[in-house]
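Trainee: Mind having a look at this structure? Questions to follow.
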Amino acid sequence: MNDLSASSQITYRAVPVRPAVARRIRGLSDQALAWLFITPTIVLLLAINIFPLVWTIYLSFTNYRANRANAPTIWLGTDWYQSILTDPDIWAAMQVTAHFVIWTVLIETVLGFGLALLIDKKFRGHGMWTTIILLPMMLSPAVVGNFWTFLYQPQIGLFNYVVAFFTGRDASSFQMLGDVTLSPWAIVIVDAWMWTPYVMLICLAGLRSIPDYIYEAAEVDRASNWRQFWSITLPMALPFIMLAVLFRGIENFKMFDMVNLLTGGGPGSTTEVASITLKRAAFESWRTGYSSAFAIILFVTVFGLANIYVKALNRVKSR
Amino acid sequence: MNLDVNTSTLRRGLADRILRRGPLESIATTIIAAGVVMLMQPFFLTLYSWSFATTLFGTVMFTIVSKVRE
Numbered sequence: 003m004n005d006l007s008a009s010s011q012i013t014y015r016a017v018p019v020r021p022a023v024a025r026r027i028r029g030l031s032d033q034a035l036a037w038l039f040i041t042p043t044i045v046l047l048l049a050i051n052i053f054p055l056v057w058t059i060y061l062s063f064t065n066y067r068a069n070r071a072n073a074p075t076i077w078l079g080t081d082w083y084q085s086i087l088t089d090p091d092i093w094a095a096m097q098v099t100a101h102f103v104i105w106t107v108l109i110e111t112v113l114g115f116g117l118a119l120l121i122d123k124k125f126r127g128h129g130m131w132t133t134i135i136l137l138p139m140m141l142s143p144a145v146v147g148n149f150w151t152f153l154y155q156p157q158i159g160l161f162n163y164v165v166a167f168f169t170g171r172d173a174s175s176f177q178m179l180g181d182v183t184l185s186p187w188a189i190v191i192v193d194a195w196m197w198t199p200y201v202m203l204i205c206l207a208g209l210r211s212i213p214d215y216i217y218e219a220a221e222v223d224r225a226s227n228w229r230q231f232w233s234i235t236l237p238m239a240l241p242f243i244m245l246a247v248l249f250r251g252i253e254n255f256k257m258f259d260m261v262n263l264l265t266g267g268g269p270g271s272t273t274e275v276a277s278i279t280l281k282r283a284a285f286e287s288w289r290t291g292y293s294s295a296f297a298i299i300l301f302v303t304v305f306g307l308a309n310i311y312v313k314a315l316n317r318v319k320s321r
Numbered sequence: 095m096n097l098d099v100n101t102s103t104l105r106r107g108l109a110d111r112i113l114r115r116g117p118l119e120s121i122a123t124t125i126i127a128a129g130v131v132m133l134m135q136p137f138f139l140t141l142y143s144w145s146f147a148t149t150l151f152g153t154v155m156f157t158i159v160s161k162v163r164e
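Protein chains in written order, with this note's numbering: chain U, 3 to 321; chain E, 95 to 164.
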């Protein structure tokens with residue numbers, strides 16, 4: 003009996019003995035442990051985000067060319083910035099971008115809010131319709147770009163046949179992607195088709211956040227549906243609409259994939275948005291320093307817009 | 095004497111009203127928006143040339159004033 007109790011005591015004493023590493027970690031303070039856990043993330047962030055940004059800022063002040071990496075690098079100061087900000091071609095690219103941003107955001111907001119109003123009404127099969135409406139948003143831009151290229155084909159494209167059916171024109175008499183006037187609109191149509199559901203989702207969240215008792219009070223006051231829309235629905239959903247506008251504005255300002263797939267910036271330079279110009283300068287002309295300066299200008303613009311976005315988001319949150 | 099006290103109180107009140115995060119952030123976002131409009135407008139090349147400086151100033155201002163007390 004005594005032997006048994008002695009052996010169990012020995013076992014009890016043996017349990018707290020830990021390996022050296024575990025003992026060392028156990029000795030760390032909470033703050034040191036926190037640093038231990040977030041250090042890999044910080045290192046990764048520095049390596050793939052901060053370092054390339056700082057390096058791009060540095061390159062934007064030099065004559066560096068990536069295809070002549072061994073050539074001596076000369077410090078040029080703000081020459082590239084002055085060159086870009088006085089270049090009429092880059093200014094034209096900015097206007098093409100503006101055309102694209104303004105029309106896509108306008109169409110997506112109007113259609114998205116309209117769809118959100120419809121979906122917000124409970125009707126038979128509204129879940130199924132919501133899923134169908136959301137489908138384009140779930141597709142990859144590469145897929146969307148490719149199948150819209152087929153839809154826009156003058157000979158076999160469904161889009162041309164639909165337009166021909168409604169207008170009476172010959173289906174092969176116009177080219178959506180090859181015509182100087184139509185090609186910017188071809189891209190606007192595809193972007194609106196793909197991203198209207200996203201705006202609808204945000205607007206729907208706004209509409210669902212309006213309390214029912216406000217409408218009940220309006221009913222008691224005999225306010226018409228039109229009056230309820232202008233005095234309750236629209237003002238209360240407005241912060242959400244602003245959020246959608248800002249988000250789509252930022253996304254479309256840096257749009258590249260869809261334009262590259264559909265037109266590649268052509269015909270001529272009619273659909274050459276800023277990101278396409280940047281890509282041409284960086285990887286076709288190999289003007290790395292110049293394109294770095296251009297990238298920084300676009301980055302500062304997007305960063306500024308993101309600040310407005312954050313402010314709008316805070317306003318929505320505080321509601 | 096009394097007048098001095100009132101003036102300083104008034105001045106402090108005005109400074110307190112203006113030097114708050116909300117109004118300063120609004121000014122910064124307005125400058126950023128103006129910079130973006132200047133970048134994309136099709137009318138004056140001079141405005142386009144100054145757009146980057148305007149946006150950069152607004153962005154830096156926003157970053158600083160977002161640290162100011164509420």
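Here a beta-carbon is modelled for each residue, glycine too, at the ideal position from N, C-alpha and C. Given the structure is predicted, the values throughout are model-derived calculations rather than measurements.
1. With which residues is THR64 (chain U) paired in a DSSP beta bridge?
2. Please classify ASP259 (chain U) as buried or exposed, where buried requires at least 16 other C-beta atoms within 10 Å of its C-beta.
3. Under three-state DSSP, which class holds ALA188 (chain U)?
4. Keeping to the same chain, check which residues put their C-beta closer than 7 Å to that of TRP288 (chain U); ignore five residues upstream and five downstream.
5. How would you call THR273 (chain U), buried or exposed, if buried means at least 16 neighbouring beta carbons within 10 angstroms?
6. For a contact defined as C-beta to C-beta under 7 Å, what are the partners of VAL302 (chain U) on chain E?
7. Going by C-alpha distance, which of U:ILE109, U:MET196, U:ILE158 is nearest VAL146 (chain U)?
8. State whether the region 174-191 of chain U contacts the region 228-244 of chain U, with contact taken as three or more CB pairs (one from each stretch) at a distance under 8 Å.
9. Quick check: what's the CA-CA separation for SER7 (chain U) versus LEU30 (chain U)?
10. Cutting at 6 Å between CB atoms, please list the residues of its own chain near GLY208 (chain U), excluding the five before and the five after it.
11. If contact means a Cβ-Cβ distance below 8 Å, which residues of the region 89-106 of chain U contact chain E?
12. Return the CA-CA distance between LEU179 (chain U) and GLU164 (chain E), expressed in angstroms with no decimal places.
13. Throw me the rounded Cβ distance for the SER185 (chain U) and THR265 (chain U) pair, which I believe falls under 8 Å.
14. Can you give the beta carbon distance from THR149 (chain E) to GLY306 (chain U), rounded, assuming they're within the 8 Å contact cut?
15. According to DSSP, is MET95 (chain E) helix, strand or coil?
16. Hey, LEU61 (chain U) and SER294 (chain U) are a contact pair by Cβ (cut 8 Å); roughly how many whole angstroms apart?
17. Quick check on GLU164 (chain E): does DSSP put it in helix, strand or coil?
18. Determine the direct distance from the alpha carbon of SER145 (chain E) to that of ASN96 (chain E), and round the result to whole angstroms.
19. For THR133 (chain U), collect the residues of the same chain with a Cβ closer than 8 Å to its Cβ; drop the 5 residues on either side in sequence, then sort them by chain order.
20. When DSSP labels each residue in this structure, what does ASN72 (chain U) get in the three-state scheme?
21. In the DSSP assignment, find the unbroken alpha helix (DSSP H) run with ASP214 (chain U) in it and report its ends.
22. Give a yes or no on whether the C-beta atoms belonging to ALA314 (chain U) and MET244 (chain U) are separated by under 9 Å.
23. Please report the straight-line C-alpha distance between GLN1 (chain U) and THR169 (chain U), rounded to a whole angstrom.
24. Hey, how far is the Cα of LYS123 (chain U) from the Cα of TRP105 (chain U)?
25. State the Cα-Cα distance for the pair ALA147 (chain E) and GLY129 (chain E), rounded to the nearest angstrom.
26. Is VAL130 (chain E) close to chain U? Criterion is C-beta to C-beta, closer than 9 Å.
27. Counting only beta-carbon separations shorter than 9 Å, does PRO136 (chain E) have a partner in chain U?
28. Measuring only the C-alpha atoms, how far is ASP181 (chain U) from VAL164 (chain U)?
29. Taking only beta-carbon atoms, is GLU119 (chain E) less than 9 Å away from chain U?
30. Using the C-alpha atoms, what's the distance from ARG210 (chain U) back to ILE92 (chain U)?
31. Given a threshold of 16 other Cβ atoms within 10 Å of its Cβ, counted over all protein chains shown, does VAL261 (chain U) qualify as buried or as exposed?
32. Out of U:GLY79, U:THR99, U:ASP89, point me to the one whose CA is closest to SER277 (chain U)'s CA.
33. Rounded to the nearest angstrom, what separates MET134 (chain E) and LEU87 (chain U) at their Cα positions?
34. Taking C-beta pairs closer than 8 Å, name the residues in chain U that ARG139 (chain E) reaches, listed in chain order.
Mentor: Working from what's here:
1. U:TRP77
2. exposed
3. helix
4. ARG67, ALA68, ASN69
5. buried
6. PHE146, THR149, LEU150, THR153
7. U:MET196
8. no
9. With a pLDDT of 49 at SER7 (chain U), under the threshold of 50, the predicted position of this residue should be treated as unreliable, though the coordinate-derived value follows. So the two alpha carbons sit approximately 36 Å from each other.
10. ALA239, PHE242
11. PRO90, TRP93, MET96, GLN97, THR99, ALA100, VAL103
12. 52 Å
13. 5 Å
14. 5 Å
15. Bear in mind that the predicted position of MET95 (chain E) carries a pLDDT of just 46, short of 50, making it too unreliable to give a figure here.
16. 4 Å
17. coil
18. Note that ASN96 (chain E) scores 49 on pLDDT, short of 50, meaning its location in the model is unreliable; the coordinates nonetheless yield the value given after this. About 48 Å.
19. none
20. coil
21. 214-222
22. yes
23. Residue 1 (chain U) lies beyond the stretch modelled for chain U, which goes from 3 to 321, so this question has no answer here.
24. 28 Å
25. 8 Å
26. yes
27. yes
28. 18 Å
29. yes
30. 43 Å
31. buried
32. U:THR99
33. 12 Å
34. Contrary to the premise, residue 139 (chain E) reads as Leu rather than Arg in this sequence. Residues of chain U passing the Cβ test: THR88, PRO90, TRP93.
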